[in-house]
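Mapping to the numbering used here: the sequence shown position 265 is 245, numbers consecutive. Idealized CB from N, CA, C, for every residue including glycine.
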Amino acid sequence: DKAIFHYELAQKHNPKVGVIKKLQMLQPEIHKREKHPPFSIKLFKEASVQFLKTGKRVQAGVAPRGTYFQIDHYKDTCWYIKNNYISGIEKGSAKISITNKMGELINSIELDHLIFKAKRANNSDCFIAISYDLKLYLYSPTLELITSKKLSRKLDDRYRLKEVDISPIGDLVIVAIDNELIFYDKELKEIKNIATSIEKNTKSYKTEDFVLEIEYDGRDNISALQINDMDDMYFGTYSGKVFKFTKNGSQELIYECQSPIRDIKRINHYLVVTSDRCIDIVRDGKRINTIEESSKVIWRDNTGCAVTKRVVKLFTLTGSPTAELTFNDSIADAYLFDGNLIVFTSKKSFVFSYSFSNNLLS
């Protein structure tokens, strides 16, 4: 009876307007739609995530939105590299878009060559890149070319080039080719090996700063490389071994996981080892936890952030899950800074605060 009454009242009120609209005008509090946020949050024990605000929208094709050849999160910036191919991989250019730690675009530069592999120094903006035609480039913090050199005399196939890295202040460059590490100084002059022992698979290097001997199974190729500082350098192999080496020549096998190593990071007292199988959190050579995650994880301080198409997962440095955020729209990228999480989707950006109990770090 009540429905009939309201319908007749609506018809009398304005016969030219649709019934639903009439009812909304007569009783808006009944027909008002309840709005739901475009995301959901799942919390784990001793953790908190609070939505703070909606940020500005980023245009399609502008970092962090878009499709990129390589994305790297550094301490204070994020670099987005896109190759523009003109004639296959032989000719083209590369564009580097740089955002700050909040995802705001702060710089963009075009290089006159394609990028096959690249890495930025941790404590400066010095930048190393290798093109598809196997040329090594060193750029200054202002992204001006310092020098370059051909690697082709050592390589007949670019897929033999496994990794490249640059020291935090840009004074040492290491290129991994198959099972060999090649060292260059800040002018890209090769540091010549002074002794080689084929029987022991040992190579020795000497500069004014350090003497380095590397010894490992020469049948096993290098798959990951990380320079934290001159006393803290690592390489991983396809057999799942992680070696640490320093400028004074010391070297040791510190971890083994039986799966190809893809990334090595030292954060505080922990070593984060990413393999084809999972992510292992290692301390003092022992695995303390495993993150079963195939996507790349962004690390900042004591927090890790794994980003998939519509889901962001947060972890502690010790590998404990703290939160899982699911979004209605596709995720472009996410950033962690100062206890905040910023997520950019195809429509909007969202800012959250996050925290967790220190008990989860023990």
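Proximity to Asp313 across Glu26, Phe24, Thr57 and Ser28 peaks at Thr57, based on C-alpha coordinates. The stretch 36 to 55 and the stretch 64 to 72 do not touch, with fewer than 3 CB-CB distances between them shorter than 8 Å.
For Ser203, the enclosing beta strand (DSSP E) begins and ends at Ile202 to Asp209. DSSP, read as helix, strand or coil, puts Asn80 in strand. DSSP places Arg257 in the coil class of the three-state scheme, outside both helix and strand. DSSP places Leu135 in the coil class of the three-state scheme, outside both helix and strand. Just so you know, the alpha carbons of Ile95 and Ile110 end up roughly 6 Å apart. The C-beta distance from Lys130 to Leu141 rounds to 13 Å, too long to meet the 8 Å contact threshold.
When the five nearest sequence neighbours on each side are left out, the beta carbons in the same chain lying within less than 6 Å of the beta carbon of Asp158 are those of Arg140 and Asn201, in order along the chain. The shortest C-alpha to C-alpha distance from Ser203 to any of Tyr218, Met213, Asp212 and Asp211 is the one to Tyr218. Taking every protein chain shown into account, the CB of His16 has fewer than 16 other CB atoms within 10 angstroms, so this residue is exposed.
Leu85 places its beta carbon 8 Å or farther from that of Ser73. Between Gln30 and Ser333 a beta carbon distance of about 5 Å is seen, short of the 8 Å cut, so the two are scored as contacting. Between Phe307 and Thr283, the beta carbon gap of about 19 Å keeps them out of contact (Cβ cut-off 8 Å).
Under the DSSP assignment, Ala314 falls in the beta strand (DSSP E) whose first and last residues are Ile311 to Phe317. Taking all protein chains in view, the Cβ of Asn103 is surrounded by fewer than 16 other Cβ atoms within 10 Å, so the residue is classified as exposed. Here Leu233 is exposed: its Cβ has fewer than 16 other Cβ atoms, across all protein chains shown, within 10 Å.
For Tyr117, the enclosing beta strand (DSSP E) starts and ends at Lys115 to Tyr119. Taking a 10 Å sphere around the C-beta of Gly319, we find fewer than 16 other C-beta atoms and assign the residue as exposed.
Residue state for Asn338 is assigned as helix, using DSSP reduced to three classes. In this structure, Pro301 sits away from Phe107, with a CB-CB distance that is not shorter than 8 Å. In this structure, the alpha-carbon of Ser337 lies about 5 Å from that of Glu26.
Around the beta-carbon of Ser329, 16 or more other beta-carbon atoms lie within 10 Å, marking it buried. A check of alpha carbon separations from Leu168 across Glu236, Gly46 and Leu125 identifies Leu125 as the nearest. In this structure, DSSP gives Arg263 an extended state, which the three-state scheme calls strand.
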